[in-house]
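These notes are about the structure you will find just below.
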Amino acid sequence: MPTALELARRALTADAAKALDPLEQLGFADPVQAIETLDRIGGPPQSAPLPALALAELAATGRPDEGLRQLVRLAVAYGPRGLFSHLEADPILCQRLVQVVSHSTFLADILVRDFEFLLWLLVETPHLVEPLERSTLRQILRTDSGHVSELEERLEVLRRVHRREFLRIGAAEILGTKPVEQIGKELADLADVVVELALETCQNSLWQEHGQPLDERGRPARFLVVGLGKYGGQELNYSSDIDLIFVWDGEGETQPEGEGTPLENSEFFRRLGQRLVHVLTEATKEGFFYRVDMRLRPEGASGTLTHSLRASWRYYETRGELWERQMLIKARRVAGSRTLGEQYAAMLRPFIYPAHFHSAPHEEIRRIKERIEASIRERPRGENNIKLQAGGIRDIEFIVQCLQLFHGGIQPQARSHNTLAAIDRLAEVVSPKGAMKAALTAAEASALKNAYEFFRRVENLLQIASGRPDYAVPEDAQALQALALVMGYEDARAFSAALAGHRLRVRRLFAALFYGDTGAPRSPTWLLEVENGSAAAKADLVERGFVDGAAAHRRLQRLVAMGVLLSGGRAHFEALLPELLNSLAAAPDPDQGLLRFTQLVEAYGAPGALYSLLQEHTGFRTLIIAICGSSRFLADLLRRDPALLDSLVSQASQGLEPSQVRGDLHAIARMQNKSLLRIGADDLMGLATEEETFLRLTELGEEVLQAVYGLAWRPLVRRWGKPRNRQGRDVQFAVLAGGKFGGREVDFGSDLDLFFVYEGDGKTRRGVPNSVFFTEFSQRLIALLAEEGLYSVDARLRPEGASAPMAISLVGYRRYLAQRAASWERMALSRARQVAGDAEFGARVLRAIERFVYNREVDAALVAQMQEMRQRMEPQGQRQTRINIKRGPGGIVDIEFVAQVLVLKWGYRDRDLRVGSTRHALQLLVEQGYLDPERGHFLLDAYEYLRAVEKGMRLASERASDALPTGRELEILSRALGAKDVAAFQDEVEVWMRQTRRVFSTVFAELTN
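Sequence positions in the sequence shown follow my numbering and run 6 to 1014.
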């Protein structure tokens, strides 16, 4: 039997009549038309320039007629002999081109339109086979479009480059050089980069018109683009819409330059969203980027185009439905603010993955799927729809998403926006203590993965063929045979058998989950019916994750007994119980979480009412259980003052009002606790970044200090009169902050580093020297701050340290700075700022400090002194058996020392560097070129990591400590911070600190040489 190549040569060298038979054997359905087509590009067949190899390759595609038509189109565009000489010279290029154009009219259209893409695609780019990372793709698109400055022209260039990259990915699909998962990721990456560059373009044009949007604190407001569906899951196909949601954060308005018009930030971001959608969807001579679907946003098509972060949370908390939980599983930041993306994801997590569903999600998801299948049956060729028909893609997605919803609340490893990754994770998910089998067996996971990869490749090939959304397997015999061949099957029969097998296996799994046993555990309310000491109850609670099952059972009995005092109280508690147990089982310390919840209920005094309140308010319930399970610090605040619960229900913003500032110390303490609770709750639920939390804690410290200032000042003035100078004028006073208070980086439980300066000598109306008055005032202020447990004050920054008078005159302070201050104090005072007292006088004091800190360049001797001082600090905070994340080698202090010594060195000349915040200082040092970017970004990451550990320790404990705990406390901390286990957590901390010390040593060595 002749080979395909022999038949091709015979067809190309014979006359028309004799060419018919070999063409038929090569699979041409219309050999007469094939001969006419060959005639158009080179006269009679024997003189046609088409290489025999190309004709033979056409036979292997199963679509030789279509392939020949597309090759001829290319030949006409490029010139037959030019194209065919390339094919003759390069068999691999010939094979690839024939495959691509035979199976995709859509890609052939691109090659005809942009013929220069041909050699780039098949010869020049390595990424037809090799994976292309998003960062590289971003650089390619930026480079190729960045040379054009005019806005519309740049977008046109970007559309053309987008078309070229789409061609590359589509060709890889047809040639089978990349797996389905990589194809989906590269299509999503391409969309990510396009959306990102389009957003930059739209944002810059709006900034020019209206200025940059700033929040009420003067910081840049943030905007986020979230991808959903297949786009969010990084499993995009060739004809997908991209589903988007727009989120913004930061009330305020824009700050235009010149004659620009200011806008409220909400209006700015609405216009930004509109402009971005327009750019992405607008069809021009270069085509369009994507169809955009915004209907999945809160309130759907009837809602506003953009939503603030808090408005989004309110919507999902109060009105979110199950289908929205399911939809948001795939939510992923695709462009815009990275920190806002992290907050948005953290905010959504308890909504998407609640610890307990009041009713299992299976039933509603099943009803949705039944409606889809019913609608499909009404469509032509609906039974061939591999996406929506029984046993198809949607069945797999619904199986996976239902299991994710069911397990994700207490098993974080079940969470993933990507279907294939989620299947792998669900095969590993087990309940606490291994009491329940994996969500998917290895065989079930394998069946779902194989089917999903098969269906997605079929779907991709159907869509790339025409460039249209097509999900129906063809009924035409030749088209089905061509699909079978490109899928790697011998013929259509083998392909159809594989398709049927996948659908059958998937449907069986779907039916088992949605129509058979749901796998939902029985209600835990039986625990309330059995007596204390029940071995079964103890065993059940241990299996749920409690260490002391007997004690946990006693507390549950106590909780239900307290609820019976109110009609319906027991019913309310029983309704809460499943979520309570599931959430606490996932908490860092379930036993302590249940104990704290019990103590809170006892302290509240009306248990039944509290149970009712918790049941009615989903967000409040989630928050209270999270506080009890994760934060001793916040739980103790609530236990000591249960009335603070009201502030969490109302979610009102907290702060010290003027009327409260003038109140007594107890009122100030209560408002401080209210604010601490709100700040801690926002931090715990992911509604604030680390930086925002520390800034809010700093501002709270300032408010409390200023309120107590008045309480200390007024009685002393009534007793002794106001201090005056020798001319009878009132003497001013300033309270200054250093350390983390000065740097606006206060943590939970932090001391306030303070020192006190007054204007000058003199005496009060009753003859008390000013030095005595201000020393007494400073001591009284410190005592009042300590009296209600508001803050401890560290006053060692004052001249001469702990042994010196508490307050000093400005003249004395200037003399001290000029004559006796140690060189290392320049570093300590670089973070000084005024926090209370007279602002004008405070500015005078700060000018004196600034002259001292930046009066001369930093030399090697001073650096050596600072390094020696750092070494002396280590033994004070470093014990042999415990890691001190603050003072230990490589701890937070190392990073602060690097930032401060570089600020001193370069701030001598560059005033912009003179900032107190460690984070801000490092950012400025990198931006201004004073610190190597790799080192700077590492130090920023290390600082964020170690401060997060420090914050976690303080929220988890009743006492502030800088040393990692040991034993059970360390295990609890590691769980709270999301570590795999204690050993992994310790290793991670040690690696960060070891690398930090290495950078510290390198920087100081360079400064001393």
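Positions of the beta carbon are idealized from the N, C-alpha and C atoms, including for glycine.
Looking only at DSSP bridge pairs, what is residue 312 linked to?
-> In the sequence shown, counting from the first residue as 1, residue 312 sits at position 307. For residue 312, which the question treats as bridged, DSSP gives the partners 252.
So what does DSSP say about residue 294, is it helix, strand or coil?
-> Residue mapping note: residue 294 aligns to position 289 of the sequence shown, counting from 1. Three-state result, residue 294: coil.
If I'm right that residue 464 touches residue 392 with Cβ under 8 Å, what's the distance once you round it to whole angstroms?
-> By 1-based counting over the sequence shown, the position of residue 464 is 459. By 1-based counting over the sequence shown, the position of residue 392 is 387. So it is a contact: roughly 7 Å between Cβ atoms.
Cβ of residue 859 within 7 Å of Cβ of residue 912?
-> Numbered from 1 along the sequence shown, position 854 holds the residue referred to as residue 859. Numbered from 1 along the sequence shown, position 907 holds the residue referred to as residue 912. Going by C-beta atoms, residue 859 is nearer than 7 Å to residue 912.
Coarse secondary structure for residue 763, derived from DSSP in three states | Within the sequence shown, the letter at position 758 stands for residue 763. Residue state, collapsed to three classes: strand.
Considering only the beta carbon of each residue, do residue 54 and residue 92 sit closer than 7 Å?
-> Walking along the sequence shown from the start, residue 54 turns up at place 49. Walking along the sequence shown from the start, residue 92 turns up at place 87. Contact: no.
Per the contact definition of three or more C-beta pairs closer than 8 Å, is the segment 341–357 in contact with the segment 295–311?
-> no
State whether the segment 610–627 contacts the segment 678–689, with contact taken as three or more CB pairs (one from each stretch) at a distance under 8 Å.
-> no
According to DSSP, which residues form a beta bridge with residue 218?
-> For the purposes of this step, residue 218 is taken as residue 213 along the sequence shown, with counting starting at 1. 259, per the DSSP bridge assignment.
Quick one: grab the DSSP three-state call for residue 535.
-> Residue mapping note: residue 535 aligns to position 530 of the sequence shown, counting from 1. Of the three classes helix, strand and coil, the one that applies to residue 535 here is coil, per DSSP.
Who are the near neighbours of residue 526 in its chain, counting only those whose CB is closer than 6 Å to its CB and skipping five residues on each side?
-> Counted from its first residue, the sequence shown places residue 526 at position 521. A caution first: residue 526 carries a pLDDT of 41, below 50, which makes its placement in the model unreliable, though a value can still be read off. No residues qualify anywhere along the chain.
If you run the structure through DSSP and keep just helix, strand and coil, what is residue 194?
-> Your numbering for residue 194 matches position 189 in the sequence shown. Here residue 194 sits in helix by DSSP.
Since residue 761 contacts residue 740 with CB under 8 Å, what's their CB separation in whole angstroms?
-> Taking the first residue of the sequence shown as 1, we reach residue 761 at position 756. Taking the first residue of the sequence shown as 1, we reach residue 740 at position 735. That pair is a contact at about 6 Å.
Confirm, please, whether the CB-CB distance from residue 461 to residue 252 is below 7 Å.
-> Residue 252 sits at position 247 when you count from the first residue of the sequence shown. Residue 461 sits at position 456 when you count from the first residue of the sequence shown. It is not a contact, given that the beta carbons lie outside the stated cut-off.
Would you check if the segment 845–863 and the segment 794–813 touch, i.e. whether three or more CB-CB distances between them fall below 8 Å?
-> no
To the nearest angstrom, how far is it from the Cα of residue 127 to the Cα of residue 134?
-> Looking up residue 127 in the sequence shown gives position 122. Looking up residue 134 in the sequence shown gives position 129. Cα to Cα, residue 127 sits roughly 10 Å from residue 134.
Would you grab the beta carbon distance between residue 237 and residue 336 for me? Rounded to a whole angstrom, and I think it's under 8 Å.
-> By one-based count along the sequence shown, residue 237 stands at place 232. By one-based count along the sequence shown, residue 336 stands at place 331. Their Cβ separation, rounded to whole angstroms, is 5 Å, which keeps residue 237 and residue 336 in contact under 8 Å.
Looking at the structure shown, is residue 638 part of a helix, part of a strand, or coil, going by DSSP?
-> The sequence position of residue 638 within the sequence shown is 633, counting from 1. Helix, per DSSP.
Can you name the residues that DSSP bridges to residue 853?
-> What you label residue 853 is simply residue 848 of the sequence shown in a count that begins at 1. DSSP output for residue 853 lists no bridge partner at all.
Determine the contact status of residue 703 and residue 751, defining contact as a CB-CB distance below 7 Å.
-> In the sequence shown, the residue the question calls residue 703 occupies position 698. In the sequence shown, the residue the question calls residue 751 occupies position 746. Going by C-beta atoms, residue 703 is nearer than 7 Å to residue 751.
Pick helix, strand or coil for residue 53, following the three-state DSSP scheme.
-> Translated into positions along the sequence shown, residue 53 becomes position 48. With a pLDDT of 46 at residue 53, under the threshold of 50, the modelled position of that residue is not reliable, and no figure is offered here.
In chain order, what residues of the same chain lie with their CB nearer than 7 Å to the CB of residue 172, ignoring the 5 residues before and after it?
-> For the purposes of this step, residue 172 is taken as the residue at position 167 of the sequence shown. Closer than 7 Å at the Cβ level, and outside the excluded window around residue 172, lie 112, 115, 122, 126.
7 Å Cβ cutoff met for residue 339 and residue 166 | Sequence index remark: in the sequence shown, residue 339 carries index 334 (1-based). Sequence index remark: in the sequence shown, residue 166 carries index 161 (1-based). No, they are not a contact pair.
Residue 70 versus residue 232: straight-line alpha-carbon distance, rounded | In the sequence shown, residue 70 corresponds to position 65, counting from 1. In the sequence shown, residue 232 corresponds to position 227, counting from 1. Computed Cα separation, rounded: 40 Å.
Separation of residue 100 from residue 85, as counted between CA atoms | Translated into the one-based positions of the sequence shown, residue 85 becomes position 80. Translated into the one-based positions of the sequence shown, residue 100 becomes position 95. Taking the straight line from one Cα to the other gives about 17 Å.
May I have the straight-line CA-CA distance separating residue 903 from residue 916, to the nearest angstrom?
-> Taking the sequence shown and counting its residues from 1, the one referred to as residue 903 is at position 898. Taking the sequence shown and counting its residues from 1, the one referred to as residue 916 is at position 911. Looking at the two C-alpha atoms, the distance is approximately 18 Å.
Please list, in chain order, all residues of the same chain as residue 449 whose beta carbon is under 7 Å from its beta carbon, the five residues on each side excluded.
-> Locating residue 449 in the sequence shown gives position 444, counting from the first residue. 514, listed in sequence order.
At what residue ranges does the segment 696–745 contain a whole run of the beta strand (DSSP E), taking only runs of 3 or more?
-> 738–743
Under 6 Å Cβ to Cβ from residue 533, same chain only, skipping five residues before and after it: list those, please.
-> What you label residue 533 is simply residue 528 of the sequence shown in a count that begins at 1. 565.
Is it right to say residue 140 is buried, meaning 16 or more other beta carbons lie within 10 angstroms of its own, or is it exposed?
-> Locating residue 140 in the sequence shown gives position 135, counting from the first residue. By the neighbour-count rule (16 or more Cβ atoms within 10 Å), residue 140 is not buried but exposed.
Taking one C-beta from the segment 890–908 and one from the segment 994–1007 each time, how about it: are there three or more such pairs within less than 8 Å?
-> yes
Start-to-end residues for the beta strand (DSSP E) that takes in residue 1006 = Here residue 1006 corresponds to residue number 1001 of the sequence shown, with the count starting at 1. No beta strand (DSSP E) holds residue 1006; the alpha helix (DSSP H) holding it covers 987–1013.
Helix, strand or coil: how does DSSP classify residue 269 here?
-> In the sequence shown, counting from the first residue as 1, residue 269 sits at position 264. Here residue 269 sits in strand by DSSP.
Terminal residues of the continuous alpha helix (DSSP H) containing residue 115?
-> Position 110 of the sequence shown holds residue 115. Note, residue 115: alpha helix (DSSP H), 110–118.
According to DSSP, is residue 839 helix, strand or coil?
-> On the sequence shown, position 834 is the one that residue 839 refers to. Here residue 839 sits in strand by DSSP.
Top-ranked residue by Cα proximity to residue 163, from 357, 174, 145 = Locating residue 163 in the sequence shown gives position 158, where the first residue counts as 1. The residue with the shortest Cα to Cα distance from residue 163 is 145.
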